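When you line the sequence shown up against this note's numbering, it's residues -2 to 609, in that order. Input: a single structure, listed below in structure tokens.
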Amino acid sequence: MSIAPALPLAELGTPNNLAFYGTQGTESLDIPVPAGLTPATFTANTQLPVNVRSATITVSQEDRTLGRVEVPPGERVPIVLPLAGARVVDNAVNVTLRSYLLPSDGYCVDPSNPLRLSEGVVAFDGVEQPPTAVTDFLPPVLRGLTIFIDEQPSQAESAAAVRVATSVAAHYGSQAPRIEVARLTDGRLPDEEPAAPLHRRVAITEATEAGVALVSGAGVPALLISGPPEELENQSRLLTSDLGRLALSSKAVAGPLSSTPQLPGDETTMRRLGQPGVNATALSPQVAIALDQTRLGRSAHHVRVHLRGAHTPLPAGIGGQLVASVSGEAVDRWPATGSGGIDRWVDVPDRLLQRYTTLGLQLDISGNTGRCGEFQPLNLTIDGDSPVLSSPAAPPVPAGFQSMPQALMPRTAVGIDGSFDDTRRAVAVLAGLQRLAALPIDTAVMPVADAVTQGGPAVIVSATGWADDRVRLPVDAGAGGQFTVEGAGDSGATSTLTVDPGLRFGALQTLYDGRRSLLVATSNDAPDQLDALLDWLGEDVRRWASLDGAALIAAPGADPVLVRTDVDAVAEPAPTEERSALQWGLAAVVAALVAGTAGFLIHRRIRRAGQG
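Below is the structure:
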């Protein structure tokens, strides 16, 4: 077995940046720990606030102090915090980091300028232990998964591969392990070097006998999922199901399993949407309420939140108001009461809704608060049982890529022609969508023609081109370099543009056909360009999250292009520093398209992912 490498916080599913506000700040760090390993150190780059003379960070677990380290002066200076001796509980370690800041003489600590730890990395001691039972096959930390299927897979094998990919992506959430599909060699796993640390291999094949079993070999055992066509997909569900915890041997056979999540409905609470309550303590405290459409399991609009909670009563001479905002825009405000109670309905405008929408609430005060905030800090709390109301949105709000994956939930058809390459492409698309979702996406693999005719939402892979007149894509390329753009005018007119020489491109396109939402992966006889586009998206999970148009197009020698039409222009999200970037290529083509469609085809330049 090889020693596991040091792992960035992002690969552990933990926020990569920690911020400590005020003279004494606190952050909790949750670290998943694979079997055989123990966390040794946490290394990060520090950034001291201005006008701070010195700072100290302590690491503790429960009532034990694991270490105390002085923060070195300067910007982006590495600091090493000890984790040795931390107790591992249920394959995880939880430690508390506390900062203590001493301001320079004559200065106050700016409450809005925190001590920051960025680019955190956890180093482990020990040797990764291989699984000995099915229940141990997936480690607490997974960096990569390779799914092996036959070079000419059956529909059942393709369906099981998609099921494994989405269930693993859902299971690991923000860890976002890389998921790939490879070919079986004569029905067997290829002879190769042992799997890399914290990587796993799964083989899927039709067989007479159903079951899930470990397969011994060099290094970490692989997992074989087998069974007759009607059983194969069900066996694949065992990998991440609760029932899998009982698979304490090297082989198990699953009975009927369901993977459709229970959705919260039109009336739910913050707690059911993943927030047991929010609170903050500061001179002007503010809290953030996450409204995640993927937790609703559908596209929604007419969202209302009944804010229930309290704040510290304000003393005489101090005035205050509560301000609710979305994307920096105030949507409601009201005076703070003398009793400190909060009981207020707040409506979220449809034009501000996104896949993930944050409703902020801040208590603003005015009056003499003394030097360096000597006035007692205020507490602001919103209870987890605060009701959240919404209605199903048809068409989705917002439209386009920002409607994905919630417009495909809870169950979506996956249309492929049955080839290995299209199965690989379907896995890439569904894994990318699942990483955006808080709930699992249930899938049903079927031929492309069936996916078009069935009445529900669908993801369709048609790599060489699109010729089904029943579904009109936002952007289509015909013979002779002619582009056709749907919904390009005030009345939803169709506009065309001919470019010379013609372009070969791959595309992901979204549309709502009046009944359901569709996501189509296609090209104009250039499947290699579709592969390049999917590879580009898979390189950085933030690229999937940043898409907000109707179509994403990639041609040789240029970065992908986002295309917007008036059909999908329900809400125009404001660009932010956190948004990932898409450098626009094909500038001449898009500029000509914009001119040819009287400005109703919108393209927008966004900074490259990972910059800014």
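Ideal placement from N, C-alpha and C gives every residue a C-beta, glycine not left out. These figures come from a predicted structure and were not determined experimentally.
Residue i in three-state terms, based on DSSP
i: Ser164; result: helix
i: Asn521; result: coil
i: Gly397; result: helix
i: Gln232; result: helix
i: Thr450; result: helix
i: Ser51; result: strand
i: Leu405; result: helix
i: Arg180; result: strand
i: Phe134; result: coil
i: Phe17; result: strand
i: Asp528; result: helix
i: Ser171; result: helix
i: Asp418; result: helix
i: Ala7; result: helix
i: Ala441; result: strand
i: Pro226; result: helix
i: Ser363; result: strand
i: Leu220; result: strand
i: Gly429; result: helix
C-beta contact flag for residue i and residue j at 8 Å
i: Ser400; j: Pro407; result: no
i: Gln351; j: Val320; result: no
i: Gln152; j: Val328; result: no
i: Leu195; j: Pro79; result: no
i: Gly294; j: Leu436; result: yes
i: Ser51; j: Leu99; result: yes
i: Pro69; j: Thr43; result: yes
i: Ala158; j: Val178; result: yes
i: Val472; j: Ala548; result: yes
i: Glu125; j: Leu236; result: no
i: Val212; j: Ile144; result: no
i: Glu154; j: Thr202; result: yes
i: Ile54; j: Ala428; result: no
Alpha-carbon spacing of residue i relative to residue j, whole angstroms
i: Arg501; j: Asp528; result: 13 Å
i: Pro225; j: Pro127; result: 29 Å
i: Ala518; j: Val458; result: 5 Å
i: Thr182; j: Arg301; result: 55 Å
i: Val567; j: Glu24; result: A caution first: Val567 carries a pLDDT of 36, below 50, which makes its placement in the model too unreliable to give a value.
i: Asp532; j: Leu311; result: 55 Å
i: Ala251; j: Ile339; result: At Ala251, the pLDDT of 47 sits below 50, so the modelled position is not reliable and the matter cannot be decided from this model.
i: Arg422; j: Val118; result: 32 Å
i: Ser238; j: Gly554; result: 43 Å
i: Gly123; j: Ala210; result: 27 Å
i: Val426; j: Ala504; result: 12 Å
i: Thr420; j: Pro5; result: 31 Å
i: Ala7; j: Gly335; result: 43 Å
i: Asn376; j: Asn276; result: 7 Å
i: Ile28; j: Glu59; result: 15 Å
i: Gln526; j: Arg348; result: 34 Å
i: Ser281; j: Leu63; result: 33 Å
i: Arg561; j: Ala285; result: 30 Å
i: Ser164; j: Ala446; result: 25 Å
i: Val587; j: Ala474; result: Interpretation of Val587 is limited by its pLDDT of 44, a score under 50 that renders its predicted location unreliable; the figure taken from the coordinates is listed afterwards. Their Cα atoms are separated by approximately 13 Å.
i: Val66; j: Ile76; result: 8 Å
i: Gln149; j: Leu544; result: 33 Å
i: Tyr97; j: Phe17; result: 9 Å
i: Gly535; j: Ala3; result: 22 Å
i: Leu530; j: Ala523; result: 11 Å
Beta-carbon proximity list for residue i, same chain, < 6 Å, skipping 5 on both sides
i: Ile315; result: Ile362 and Gly364
i: Ala448; result: Ala410, Gly412, Ala455 and Ile457
i: Cys105; result: Cys369
i: Asn110; result: Pro46
i: Arg341; result: Leu304
Neighbourhood of residue i by C-beta distance below 8 Å, restricted to the same chain and skipping five residues each side
i: Arg330; result: Gln318, Leu319, Val320 and Ala321
i: Asp107; result: Pro46, Val47 and Asn48
i: Val345; result: Leu288, Val300, Arg301, Val302, Val323, Val328, Thr354 and Leu356
i: Ala204; result: Ser223, Gly224 and Pro225
Near the ligand ZN: residue i beta-carbon under 7 Å from a heavy atom
i: Thr129; result: Absence of the ligand ZN from the depicted structure is noted, as is the absence of any ligand whatsoever, leaving it without description.
Short CB-CB distance (under 8 Å) between residue i and chain D
i: Ala455; result: Absent from the structure is chain D; it holds one protein chain and no more.
Contacting residues, own chain, Cβ-Cβ under 7 Å from residue i (five flanking each side not counted)
i: Ala404; result: Ser296, Pro393, Pro454 and Ser514
i: Thr621; result: Residue 621 lies beyond the range of the chain shown here (-2 to 609); nothing can be said about it.
i: Pro36; result: Ile28, Val30, Leu80, Ala83, Val90, Val119 and Phe121
i: Arg467; result: Val449
i: Arg653; result: With the chain represented from -2 up to 609, any question about residue 653 goes unanswered, as that position is not in the structure.
i: Phe398; result: Thr507, Leu544, Asp545 and Gly546
i: Ala162; result: Ile144, Ile176, Val424, Leu427 and Ala428
i: Pro12; result: Leu6
Q: Would you list, in sequence order, the uninterrupted beta strand (DSSP E) runs of no fewer than 3 residues that lie entirely inside the segment 271 to 347?
A: 274 to 279, 283 to 289, 297 to 308, 316 to 323, 326 to 332 and 338 to 345
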